[in-house]
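Engineer: Dumping the structure here so I can ask a few things about it.
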Amino acid sequence: MIGKTFKTMLGGKELSIETGKLAKLVSGSVTVRYGDTMLLVTAQASDTQSKLDFLPLTVEFEERHYAVGKIPGSFHRREGRPGEKAILSARITDRQIRPLFPKGYRHETQVIITVLSADGQNAPDVLGPIGASAALSISDIPWAGPTACVRVGQIDGGYVVNPTAEQLSRSRMDLVVAGTKDAVMMVECGAQTVSEEELVGAIEFAHAEMQGVIALIEQMRSEVGQEKFNFMEEVGPTHDYVPEMTEKLRAAGLKDALLTRGKKDRGVRTKEVRSKVIAEYVPDPEAEGAAELTATLKNVYSKVEKQMLRQLILDDDLRADGRSSETVRPIWIEARPLPMAHGSAIFTRGETQVLGVTTLGTERDEILIDDLTEETGDKFLLHYNFPPYSTGEVKRMGGQSRREVGHGNLAKRAIRAVLPSFEEFPYTIRVVGEVLESNGSSSMATVCAGTLSLMDAGVPIKAPVAGVAMGLVMEGEKYRVLTDILGMEDALGDMDFKVCGSAEGVTALQMDIKVGGITPAIMREALHQAREGRLHILGKMAEVLAAPRPELSPTAPRIETLKINPELIGKVIGPGGKQVRELEAMGAQVTIEEDGTIRIFTNDGAAAAAVRARIQEVTQEAKVGAEYDGTVVKIAAFGAFVNLFPGQDGMLHISQMSEERINSVEDVLKLGDKLRVKIANIDDRGKIDLVRPELEGKVAPRTPREGGGRDGGGRGGDRGDRGPRGDRGDRGPRSDRGFSDRGSSDRGERTDRPPREHREERAERPASTDSGEWRSAEPPFPDRAPAAPREAQEAEGKQFAPAPPLSDAE
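For the sequence shown, our numbering assigns the number 57 to the initial residue and increments by one for each residue that follows.
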């Protein structure tokens, strides 16, 4: 049998990891299966150390459309660049495995996760980290794993491991936790406002549940794992200079320089100290070997600076800008700085500044999500922009970076929890966070600026949301948690823990660890310290905007909503969409849902009113007893057709026009005349009989029609069962049938016949107002079926007698 499979239970379902079957030439390769979701995960490292001063690790998350039986919709029908969901999935794996590579490791390393099968219920994003951990553990790459990753939901007060897509839709939180056997490495969460204690409980629950997976990977490593290749951190001349240079930098005033307020001023002073000390070692920059020695001394300086700042924080509770570990930087806020935007705000915290801008759009502006597991629309967009000028640098401007995708997604999850439903606020909402200055916590400033811009736009959010980034400095058993970290504290510290929420609880969080993990006790302390900082920031925000503005911005569009009978949607759309185009030509966008909900979107109040009135007109439903001011649109011998409202006519019979008998409709009405009418009857075909309200009780009512002609009656209503017609085969040839007493049926050529006498043309009338067909005039008794000959003559006082037979002469 090819390959070997290892199995365990996770969340009540079997998790299997197979190796030795696929991709056998790579250093580490596994196939992970959970339900019908399958991933191939590979890990490979280069043979030599790179000259880079950072870990060259890349993680790729490849989604293949064949995994769900689809063909890509691109022009070439191939998968393109990773989408947002794939990027976020790759970041989850990267943040879990990166801290566990050995110090000084510089081999280029690549982990590739390929989705082979996706069942739509078991998400591949938490299986990728498990596969990466297994592949690295059995490879020859030095790595201090294993780790595991699980998702936790909260449904009906209980925690659920790896909830299905259906369960996750009902969960109060979407929490992803990764960790080692002893500690938590990574946390990411979006929630519907949960308490800090609920989060800690969920994290501890997740850490306990992943132990079975960690044990399984340890078993794999012991049975099929390779020996790790020899790795030793390169020890160069840098280490020789550290002790001596540390003393020289202290003497040159590095400590005072590091405590200078302001990023730019601090940078100037520390650069002066560094240059002064390096000049003692390199008096002639142009000398041979001077460039190499200068680079070495700069690396020494970075190590000394980092260690000195960490000691100041741990020993003296003193940070670079003079704050204590629990202090938030000064905050300055301005609402509505942009006059034409729907909502805007500037949020400044220390030297981090973000411009938040909200734009309101229609349902048509939603973003369509088409990935492996879902095809949906998202009516909330949040875009985070981090231009190079925000850090005073010059860089190439390209597409959105993975960092921007991750930071934007975190801010989006934080704010989404407090947004109104689409039914409550039927707009597509876009929030943009423009980072103007950055010295730490720019993503958290985006949460604050975005919330303020939403309130400025008049979006009825449930509660204001703020965010704060927490840091950690740890040396052995000694540690200190930092509130509202600076950029340099993020770089020199051991943790970046971002927490967002309202005064009631947490809506989103993200934790990245640079050490071997932290304990639940440290995490609990960080969460409670973050709450104090968050409440302080919310207080500052409330001083400017305590709640959403009661009205939408004057520049924001308005949406009016009305409901119609779903059966009348066709009338609003019109043939080929004609009616909708006419409505939008009036200056509004119109959206129609299957349940009859219609939304009118426009900046012009008058246009909205006109469109609404027009829709109400075309969707009116005629009801018996209703009165209308109608217009005569057609006249026939038997009555007049009156337009009641757009698309609906009724017939006013001649007998209902006057108390006295009239000979012609034109004696009473003309085309275009206005008159008040009332609906007397609506037949089963929807045809409407009208009367004049002022004549009710003064003229005899008409008998309701039961099908037949437009004038009601057709051939006399119900004619009863006429019975079978019988065999007509004995009637003989048609040429002599019934004409034996009239002589020969041969009439000769038509040219021999005399011309017919002139006859007066009969009046004609249409079959209906909707038809172009014509039929003969009305009978003399409009309320009755056409009379038989006997009845007609008796009605005129004549004695009925059959016609005499034709003579031979005739």
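Note that beta-carbon positions come from the ideal geometry of N, C-alpha and C, so glycine has one too.
(1) Where DSSP assigns a beta bridge to GLN105, which residues make up the other side?
(2) Comparing C-alpha positions only, which one of VAL243, VAL269, GLU279 sits nearest to LYS60?
(3) Here's the rule: buried if 16 or more other CB atoms are within 10 angstroms of the residue's CB, otherwise exposed. What is GLU283?
(4) Would you give the residue range spanned by the alpha helix (DSSP H) that ILE58 belongs to?
(5) What residue does the beta strand (DSSP E) around LYS690 start on, and which one ends it?
(6) DSSP on ASP745, reduced to helix/strand/coil?
(7) Would you check if the region 223-233 and the region 200-211 touch, i.e. whether three or more CB-CB distances between them fall below 8 Å?
(8) Got a sec, what are the start and stop residues for the beta strand (DSSP E) THR647 sits in?
(9) Out of curiosity, what's the CA-to-CA distance linking SER869 and GLY455?
(10) Please report the distance separating the alpha-carbon of ILE153 from that of MET567.
(11) What three-state label does DSSP hand ILE620 in the structure shown?
(12) Taking just the CA atoms, how far does PRO112 sit from SER106?
(13) If SER494 sits next to SER446, beta carbons under 8 Å apart, how far is it from one beta carbon to the other, in whole angstroms?
(14) Based on Cα-Cα distance, which residue from ASP377, GLY214, GLN267, GLU607 lies nearest to MET65?
(15) Less than 8 Å separating the beta-carbons of LYS679 and ILE735?
(16) Which residues does DSSP pair with CYS556 in a beta bridge?
(17) Just the Cα atoms here: how many angstroms apart are LEU727 and ASP745?
(18) Could you tell me which residues DSSP pairs with LEU95 in its beta bridges?
(19) Where does MET544 fall in DSSP's three states?
(20) Would the beta-carbon of ALA191 fall within 8 Å of that of VAL86?
(21) Output yes or no for whether 8 Å exceeds the beta carbon distance between THR170 and LEU81.
(22) Taking the Cβ atom as the reference point for each residue, do PRO180 and ILE148 lie within a distance shorter than 8 Å?
(23) Measure the C-alpha to C-alpha separation of CYS556 and THR507 and round it to an integer number of angstroms.
(24) Quick check on SER72: does DSSP put it in helix, strand or coil?
(25) Give the secondary structure of GLU119 by DSSP, where H, G and I count as helix, E and B as strand, and everything else as coil.
(26) Nearest-angstrom Cα distance between SER609 and GLU673?
(27) Between which two residues does the alpha helix (DSSP H) containing LYS634 stretch?
(28) Does the structure place the region 479-490 close enough to the region 431-443 that three or more beta carbon pairs sit under 8 Å?
(29) I'd like the span of the beta strand (DSSP E) that includes ILE211, first residue to last.
(30) Closest to GLY523 by C-alpha separation, out of THR647, GLY514, ILE387, VAL413, would be which residue?
(31) For SER400, does the three-state DSSP call read helix, strand or coil?
(32) Alpha carbon to alpha carbon, how far is GLY703 from ALA664?
(33) Can you list, in chain order, the residues of its chain with a C-beta nearer than 6 Å to that of VAL97? Leave out the 5 residues immediately preceding and following it.
(34) So what does DSSP say about ASP181, is it helix, strand or coil?
(35) Cutting at 7 Å between CB atoms, please list the residues of its own chain near MET530, excluding the five before and the five after it.
(36) With a floor of 3 residues, list each beta strand (DSSP E) that falls wholly inside the region 269-319, ordered by position along the chain.
Structural biologist: Reading off the structure:
(1) HIS163
(2) GLU279
(3) exposed
(4) Per DSSP, ILE58 belongs to no alpha helix (DSSP H) and is neither H nor E.
(5) 683-692
(6) strand
(7) yes
(8) 645-648
(9) This structure leaves residue 869 out entirely; the chain is present only between 57 and 866.
(10) 13 Å
(11) coil
(12) 8 Å
(13) 4 Å
(14) GLN267
(15) yes
(16) GLY523, ALA564
(17) 18 Å
(18) VAL88, VAL171
(19) helix
(20) yes
(21) no
(22) no
(23) 11 Å
(24) strand
(25) strand
(26) 30 Å
(27) 634-641
(28) yes
(29) 204-211
(30) ILE387
(31) strand
(32) 21 Å
(33) VAL86, ILE169, GLY187, ALA188, ALA191
(34) helix
(35) ASP550, VAL571
(36) none
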